[in-house]
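There are 2 protein chains.
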Amino acid sequence: MPATAPFATSSPMWLEPGTKPWLAAYAPRILGEEELVAQAADDWCRLASAAPAAPQLGAIARHTLNITTRAHADQLPSSLAESARRALAEQAPGPEGYSVVRDQAGDLAVVGADGAGALYGTLRLLIGGPAAILAGGDAATGTPDLSLRMLDHWDNLVPHPIMGTVERGYAGDSVFFEDGGLAPDTDRIDDYALVLASLGINAVCLNNVNVHATEATLLTDRLGLVQAIADILRRRHITTFIAVDYAAPMTLGDLGTCDPLDARVRQWWRKTTNHVYATVPDLGGYVVKADSEGRPGPFDYGRDHADGANLLADALAPHGGVVMWRCFVYDHHQDWRDRSLDRARAAYDHFMPLDGRFAGNVLLQIKHGPLDFQVREPISPLLLGLRHTRAALELQIAQEYTGHAWDTYFLPTAWREVLDLDVAGDGGMDLGQDLKARTDSAVVAVAGVGRDWNWTGNTFSQANLYGYGRLAWDLHTGAERIAREWAAASFTGDEALHAALVRILLTSREAYENYTAPLGVGFMVTPGGHYGPNIDGYEYSPWGTYHFADRDGVGVDRTPSGSGYTEQYPPALAARYRSLEECPERLLLFFHHLRYDQVLPGSGVTLIQRIYDTHFEGVAQVRAMRRDWEAVREQVPEPIRTDIDRRWRAQERNAVEWRDQVCTYFLRHSGIPDAAGRMIYP
Amino acid sequence: MPATAPFATSSPMWLEPGTKPWLAAYAPRILGEEELVAQAADDWCRLASAAPAAPQLGAIARHTLNITTRAHADQLPSSLAESARRALAEQAPGPEGYSVVRDQAGDLAVVGADGAGALYGTLRLLIGGPAAILAGGDAATGTPDLSLRMLDHWDNLVPHPIMGTVERGYAGDSVFFEDGGLAPDTDRIDDYALVLASLGINAVCLNNVNVHATEATLLTDRLGLVQAIADILRRRHITTFIAVDYAAPMTLGDLGTCDPLDARVRQWWRKTTNHVYATVPDLGGYVVKADSEGRPGPFDYGRDHADGANLLADALAPHGGVVMWRCFVYDHHQDWRDRSLDRARAAYDHFMPLDGRFAGNVLLQIKHGPLDFQVREPISPLLLGLRHTRAALELQIAQEYTGHAWDTYFLPTAWREVLDLDVAGDGGMDLGQDLKARTDSAVVAVAGVGRDWNWTGNTFSQANLYGYGRLAWDLHTGAERIAREWAAASFTGDEALHAALVRILLTSREAYENYTAPLGVGFMVTPGGHYGPNIDGYEYSPWGTYHFADRDGVGVDRTPSGSGYTEQYPPALAARYRSLEECPERLLLFFHHLRYDQVLPGSGVTLIQRIYDTHFEGVAQVRAMRRDWEAVREQVPEPIRTDIDRRWRAQERNAVEWRDQVCTYFLRHSGIPDAAGRMIYP
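Protein sequence lines, in the order shown, are assigned to chains A and H.
Note that the working numbering numbers the first sequence so that position 418 is 1181, with each residue one more than the last.
Note that the working numbering numbers the second sequence so that position 645 is 1408, with each residue one more than the last.
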């Protein structure tokens, strides 16, 4: 058993050994030579050694945990070999998958379809425990729905003057970088790899998609840094990506152009990429934000995004690398005066005409909604439209618009809605099924992880990272199940504690939605920082995110009488969103401009009353969550307890501020008082 | 004649030798030993040497310019001695004053009441030329209205992450500081001293009133830096001040308190100040921002501002130093919900009760209006109320709220209104007369100067620095006179050029006022940066600057039915501001909350129509100014010409943006269309 305990400087999160009595009850035994099999056993032992009662328990481990792969399953003890054979045959785990079997004596075998599967199966067993994993019988299995399950770190090598080392990060400095080089605590990077492997995440992009000058050199001068981190991540089957500057042939090379059709540019990328792969042979590929928010791109040369993406794909193809090409492309110098423009249309308008023109190793990386990770958006129609191009669904764990890790916000609730969406509107396939059915789709999330002791700023935000991993593996994992698993794995305590934590998580998104921008209209946040209310903050800005409130009404007409955005959807969905009666109430102001006195078909009250009601309800929900917490907080250890206490105080202040600003703003505009007579400041 | 030409790396502004044929026509001759007399002659010669035709003209200087002081006036040639004696007797220039006399042959004498007066008289003559200065006959005189005419630099030693090295500066980095030490180009500091002396400015505070950690050490570890700069400024009779951190006994010393009544704190300030004066014996004193916007102060110990100011006064008194104690004290955590609060009341409420309790070497430094350097504010009632305390009127040359040196804005127009205000409202004394009559008043302005080639960002902004100096010397200098002097001194060219420049300057304030926040309501600017419109930017903020627009009306009720702020004024002024009929229209929304359909007594149109009209008028004025410029721009040399071209483009964009956002905002609120049918976006 190795000497180094993991998580020496940080919270183990859901790997908390104290919640896992089974850790010391099983002695791992490895069959075969795979390094990942050995890693799995090693991680089990290291975590067992960190459990409070480990020395005693370790001495009396009653059971054996056999860890192996399909290739070596014949070496299993006879009590397990037959059931393992049967499980592999019947359950047929695919690449990275595993089967777990138990014999009558209670010994276990994790049999990976490959080494990665053995690692994932072992860590799944480690988190949940044999009783839960094998609740359905003496065999269980797991295979990921998608082969690429990725995290994008928006990390900078040198601190950005405003954003620091993690753009939109609320949990401290970069885990990877410091002062332009490697972060000194590389054990922590190893811990992080273990955290990610425990979720089955198998790819990480190290640096910010806004690639600044220093970060651009990861491709060239600082390639050694990529190598050093890739060497750590690889131990747990995690592939490394880097975000590259589209203009690199100009900024790093000495070409005067980055025209994707210029032969010298093509040559530059080939040569540079060959050099990259000579150093990091298993690099996953490149992530690119081009022609977006001031980043350079193919538009500068009158080319399109297929030209741009295929340029990099061509350089990566010989090495098996892929291009993650972001579709977050829109005009960020929009004129607020022109109400015919609609930023929501942009991704579809730009990329749909190119469907089929992208190389096979290009994935279009598409945010789940058409705008930018708001609390409530309809699904991006581009995700539904593309049929001849590989797609990656992009989510955001970093709580940019969802409370900055001050406000508790359980993201899986929202992601569930995305993945459960009936994609054709005909009661057929949901988005999760659709993604799985399509060729080599992927899922990506913006990480938001940092060097804070608890990794995520708010300890509740750990549940978002956990939930992302679980959903990335199995696109149909339920939000409540995620919450229960996370609470049970992270905290010792009685059922009241776990139930309270689950209730808080499951309430949190609705509460936050209630006290922020109403009914899907979005934004209304403080410009720049994106925390706290500023109702008109983006109303006259060039960013294209408007709500058009006046004395009569509010909301964005995206039906054919307005921007016509609804028509980007499949017909049944378009019809639903077009219709005031059928449009989900939570999305009404995203799709329609409504009068304040409009009676809403769903709730039967006027729009203005609905705005007031939801905002008072949101604050009430925060107070209820806080009371729920306070009833169980004594069971939670320090420093988590006190840290969460102060985050509730901040959240309640924020919720009250949102409620009061939104209600006053709309009272001042509409002149219509609250029917319930609550205090709305004039 | 010395070899070094001044202004080697910058614009000479109004000292431009090219506009001054008299420079080379006079050979200076000094009488007496005063260093300032020698400096005056030296500056004349150095500027003459920089004139394009200097070598030829210099060789044929036809006249002598005698420079001396009262003490050596008897050494003047007989042709001048008698008229000098008579001028000194009749005109009786006071300290720092001078008389200029001319004999029949055309030789001149500048006779200072002291060395400073000789310097000032010479430089006045240098700028304006003998013909203008002596336009009224063969003798002229000048004596400053106030003995302390100061500039506050808001300069940082190390760049602030957002503000850089000059807080609210729009003209490049600090002239004084770089990387925590002295700026390398000390010749430029010498040039700057010449610029200031040419205006009669005799005191400069080197550093930002928001004293950050590095800057605080000017008082101790970095005292050598103060000494180095003071040594340069002193050559032209400029006294150096520093801004100090009120909490210095804790942050620099090792005391656990800065309670002004604590004997150890008193002792610390005495000892520290003694050390300061041992190094810089003629330091002017300290500038202090305490209990304001997060700065520490006596409130932290339950003491008042008299306690705080007298603490420092006590330490400075033995050395002849003074305390400039800023009255910009207000609650910057105000609750927008509580409409009974009014930030405008703050300075008066805090300081009036203390009138008479301040030591004789304390000046209360009071911004001209009760808020913060807005385009239009009524005068601070504290300036009118204090009768037993020395006062310093604080102005701002830095264009924080007045266009950031992108938009042309001639500040003397606004300052004139301040100084011309009938202080009792009874047709008696104006503020200028009042300040001059009171004991040892002063005037201070926030400098805004930086290391840009033209010192002020926009070349037109040079006229603001010039105008400040002229007004500080003579509180009744007219705005048009300032504009004419500046244009003539700064640019060679024909009368059309000078007339156009003057027209632009004199129009600029009204234009800017027209297209920004309406009728004195103030703010509506982008939070933080303060450039460009954001109508609700501060509406729900804790900064206490609200306009309360709703669907019915806009404005702040500061009469007794509202915050009662009007009652801080002398009765006649209070009555005027209280009355909708008598209140100046440009201040209506500062004092009153009005319905959009209210007909304004002054212009006879409704409030909403007045808002629309002024905003369209503002843009039209910008376009007219730009046309005026374009007709004469060929006469202006590069790089000024092209630089001003681009500033007009920026200003026109800004004006259009302001107009459209303000008009749309109020159309959306009021629902009332423009009677003139102009395009207001819905």
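Using N, Cα and C, we set each Cβ at its ideal position, and we do this for glycine too.
Beta-bridge partners of residue i, as assigned by DSSP
i: I793(H); result: I830(H)
i: T1003(H); result: V967(H)
i: H923(A); result: G927(A)
i: E1157(A); result: K1130(A) and V1207(A)
i: Y861(A); result: G875(A) and G905(A)
i: M913(A); result: A966(A) and V1207(A)
i: G944(H); result: E941(H)
i: V1085(A); result: G1048(A)
i: D918(A); result: V929(A)
i: T1369(A); result: V1362(A)
Candidates the options, of which the one nearest residue i by Cα
i: Y789(H); options: P775(H), C1090(H), D805(H) and E797(H); result: D805(H)
i: E978(H); options: L1430(H), Q1384(H) and V929(H); result: V929(H)
i: T1202(A); options: N1124(A), N971(A) and V958(A); result: N1124(A)
i: L728(H); options: A872(H), S961(H), H835(H) and T782(H); result: Nothing in the structure corresponds to residue 728(H), since chain H is present only between 764 and 1445.
i: L1196(H); options: A1235(H), T1222(H) and Q1225(H); result: Reading off the sequence shown, one finds Gln at residue 1196(H), where the question assumed Leu. Of the candidates A1235(H), T1222(H) and Q1225(H), the one whose C-alpha sits nearest the C-alpha of Q1196(H) is A1235(H).
i: A1069(H); options: R1089(H), P784(H), R1314(H) and H923(H); result: R1089(H)
i: R1266(H); options: W1032(H), Q1384(H) and W917(H); result: Q1384(H)
i: L730(H); options: S812(H), D1077(H) and G878(H); result: There is no way to answer for residue 730(H), as the model of chain H reaches only from 764 to 1445.
i: W1411(A); options: Y1009(A), R1389(A), L1146(A) and D1376(A); result: R1389(A)
i: Y1111(A); options: Q1128(A), G1084(A) and G1148(A); result: G1148(A)
i: A814(H); options: R1153(H), Y1172(H), H826(H) and L889(H); result: L889(H)
i: T1003(A); options: G795(A), R1033(A) and L959(A); result: L959(A)
i: T1020(A); options: A1122(A), I1435(A) and G1065(A); result: G1065(A)
i: V1362(H); options: E1344(H), A1076(H) and V1186(H); result: E1344(H)
i: P1281(A); options: D1360(A), A801(A) and E1348(A); result: E1348(A)
i: D908(H); options: Q1030(H), G1232(H) and P1144(H); result: G1232(H)
i: A787(A); options: R825(A), F770(A), E796(A) and V873(A); result: R825(A)
i: S1271(H); options: R1321(H), Y1309(H), A1387(H) and C808(H); result: A1387(H)
i: L1269(H); options: E1248(H), G1285(H), F1254(H) and V1288(H); result: E1248(H)
Beta-carbon separation (whole angstroms), residue i vs residue j, contact threshold 8 Å
i: H1082(H); j: Y1040(H); result: 4 Å
i: A894(A); j: V863(A); result: Not a contact, Cβ separation roughly 12 Å.
i: R865(A); j: G1211(A); result: Not confirmed; about 37 Å, so no contact.
i: E859(A); j: G880(A); result: 5 Å
i: W1169(A); j: N1221(A); result: 7 Å
i: T782(H); j: A1252(H); result: 6 Å
i: A1028(A); j: I1005(A); result: It should be pointed out that residue 1028(A) corresponds to Val in this sequence rather than to Ala. Going by Cβ atoms, the distance from V1028(A) to I1005(A) rounds to 19 Å, so no, they are not a contact pair.
i: H916(A); j: N970(A); result: 7 Å
i: A1155(A); j: L1127(A); result: 7 Å
i: L1184(H); j: G1283(H); result: At roughly 14 Å, the Cβ-Cβ gap does not stay under 8 Å, so L1184(H) and G1283(H) are not in contact.
i: Y1278(A); j: R1422(A); result: 5 Å
Per-residue contacts from residue i into chain B (C-beta, under 9 Å)
i: I1298(A); result: Checking the listed chains, one finds no chain B in this structure; the protein chains it contains are A and H.
Legend entry - Runs of alpha helix (DSSP H) lying entirely within the stretch 1279-1367 of chain A, each at least 4 residues, in chain order: 1334-1341 and 1351-1354
Inset, instruction - Give a yes or no on contact between the stretch 897-913 of chain A and the stretch 965-977 of chain A, applying the rule of three or more CB pairs nearer than 8 Å. - result: yes
Inset, instruction - Counting only runs of 3+ residues fully inside the stretch 1099-1153 of chain H, write out the beta strand (DSSP E) ranges in chain order. - result: 1125-1130
Legend entry - At least three beta-carbon pairs within less than 8 Å, the stretch 1245-1261 of chain H to the stretch 1158-1168 of chain H: Segments in contact, no.
Inset, instruction - Please specify which runs of the alpha helix (DSSP H), each continuous and at least 4 residues long, are wholly inside the stretch 1004-1077 of chain A, giving them in chain order. - result: 1011-1014 and 1026-1042
Inset, instruction - Count the C-beta pairs between the stretch 1322-1329 of chain H and the stretch 1315-1334 of chain A that are closer than 8 Å, then say yes if the count reaches three, no if not. - result: no
Legend entry - Three-pair Cβ contact test at 8 Å for the stretch 1362-1374 of chain H versus the stretch 1292-1306 of chain H: no
Inset, instruction - Output the residue ranges of the beta strand (DSSP E) runs that lie fully inside the stretch 1190-1238 of chain H and measure 3 residues or longer, sorted by chain position. - result: 1205-1209
Inset, instruction - Could you tell me whether the stretch 1169-1181 of chain H touches the stretch 939-958 of chain H, where touching means 3 or more Cβ pairs closer than 8 Å? - result: no
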